[in-house]
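S.K.: Before I ask anything, let me first share the structure, which is written out below as structure tokens.
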Amino acid sequence: MSKTGFYLLLTISVLFSSCISTQDLIYLQKKDKSQEDASIVAVGSKPYRLQTNDVLSITIKAIDPKLVAIFNPSNDGAGGGKSESGLYFDGFTVDDHGNIRIPVLGELNVIGYTLDEIRIRIEKQLLAEYFNKEADIFVTVRLAGLRYTINGEIGGPGTKILFQDNVTIMEAIANSGDITITGNRKAVTVMRKTPTGVQMHDLDLTDINVMQSPYYYLQPNDFIYVKPLKQKTWGTGKTGLESLGTIITLLSLATTTFLLLKN
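Each residue of the sequence shown is one higher than the one before, counting from 48 in our numbering.
Below you can see the structure in the form of structure tokens.
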């Protein structure tokens, strides 16, 4: 094989191996051809059980608002509304012992309970100790926003809060500016704190079957890390044109060096 043919073959090989394939960029692909028409059923998110440092938003309503005014935040001052500062000042934070402090009711242990279970407990205690059924008590218990942190090859890294009950990892990524072209969509790591320790799991977001993973739905305080593709480490370029430019530059440098040493 001539030198020209060798260099041409080397260029083509490096060009194809260094480019980022569109198959690495497209989300939720049907990779199992035998089940091309099979419907994918997303796993329903299990009821979340509270942990320490979670923040709750609790509102209590009645026919006469004055009766329950003491239980509800005033929304005055710096903590009004659903802003992050509002959650900090007016929310009920689960302390290290798993308790929250509610006006009049005092301390209530909520660790390991679901939001619905806490709502029922508060309603029962209010009816048993302070109100009768005619007061028509209505209690709402929600997480004060779902907080997550995302880092790595992402358009907008940082800690985010979404004000909704269920958040998928796809929604979290979209809310954070999407994964960059050099981000590895086949290995997105989710780190999750549990009562038994921190669990880590890699998700392949290019496979539609990821919707069946229990990590597809985020939980409060999840940490998401998007790893870089190997092409970024090589520095050969994100597209074929960029890779070709890099190769030409290297070949020119090698040729110049060879001619200088020969002379």
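C-beta atoms are modelled at their ideal positions from N, C-alpha and C, and glycine is treated no differently. None of these values were measured; they are calculated from a predicted model.
With DSSP run on the structure shown, which of helix, strand or coil describes T304?
M.R.: Note: T304 maps to helix in three-state DSSP.
S.K.: Closest to D143 by C-alpha separation, out of D137, N119, V102, would be which residue?
M.R.: For the residues D137, N119, V102, the minimum Cα distance to D143 belongs to V102.
S.K.: Roughly how many whole angstroms lie between the Cα atoms of L190 and P242?
M.R.: In a straight line, the C-alpha of L190 is about 18 Å away from that of P242.
S.K.: Can you give me the start and stop residues for the beta strand (DSSP E) that N222 sits inside?
M.R.: Here N222 belongs to no beta strand (DSSP E); instead the alpha helix (DSSP H) covers 216-222.
S.K.: From what residue to what residue does the beta strand (DSSP E) around D249 run?
M.R.: Note, D249: beta strand (DSSP E), 244-250.
S.K.: How should D137 be labelled, buried or exposed, when 16 other C-beta atoms within 10 angstroms of its C-beta is the threshold for buried?
M.R.: Buried, since its Cβ has 16 or more Cβ neighbours within 10 Å.
S.K.: Buried or exposed: where does S104 fall if 16 or more other Cβ atoms within 10 Å of its Cβ makes it buried?
M.R.: It counts as buried.
S.K.: So, are the CB atoms of V237 and L252 less than 8 Å apart?
M.R.: It is not a contact, given that the beta carbons lie outside the stated cut-off.
S.K.: Using only the alpha-carbon positions, how far apart do R194 and T227 sit?
M.R.: Rounded to the nearest angstrom, the two C-alpha atoms are 22 Å apart.
S.K.: With a cut-off of 8 Å, do at least 3 Cβ pairs link the region 164-179 to the region 195-212?
M.R.: Output reads no: the region 195-212 does not touch the region 164-179.
S.K.: Do I169 and V186 have their C-beta atoms closer together than 8 Å?
M.R.: Against a cut-off of 8 Å, the Cβ pair of V186 and I169 comes out as a contact.
S.K.: Is there contact between the region 145-162 and the region 70-77, where contact requires at least three CB pairs shorter than 8 Å?
M.R.: Touching, no.
S.K.: What's the call for G192, buried or exposed, on a 16-neighbour Cβ count within 10 Å?
M.R.: Looking at its Cβ environment, which holds 16 or more other Cβ atoms inside 10 Å, G192 is buried.
S.K.: Taking G230 as the reference, which of Y272, N256, L276, P204 has the closest Cα?
M.R.: Closest by alpha carbon: L276.
S.K.: For R232 and D269, which I take to be in contact (beta-carbon distance under 8 Å), what is that distance rounded to the nearest angstrom?
M.R.: Contact flag wrong, Cβ pair sits at about 18 Å.
S.K.: Using DSSP bridges, identify the partner residues of L194.
M.R.: The identity of residue 194 in the sequence shown is Arg, whereas the question assumes Leu. DSSP, once it has assigned bridges, lists I208 as partnering R194.
S.K.: Could you tell me which residues DSSP pairs with D254 in its beta bridges?
M.R.: According to DSSP, which records beta bridges pairwise, D254 is partnered with Q76.
S.K.: The ligand NAP heavy atoms versus the CB of R166: any closer than 7 Å?
M.R.: As far as ligands go, the structure on display features none, and thus does not contain the ligand NAP.
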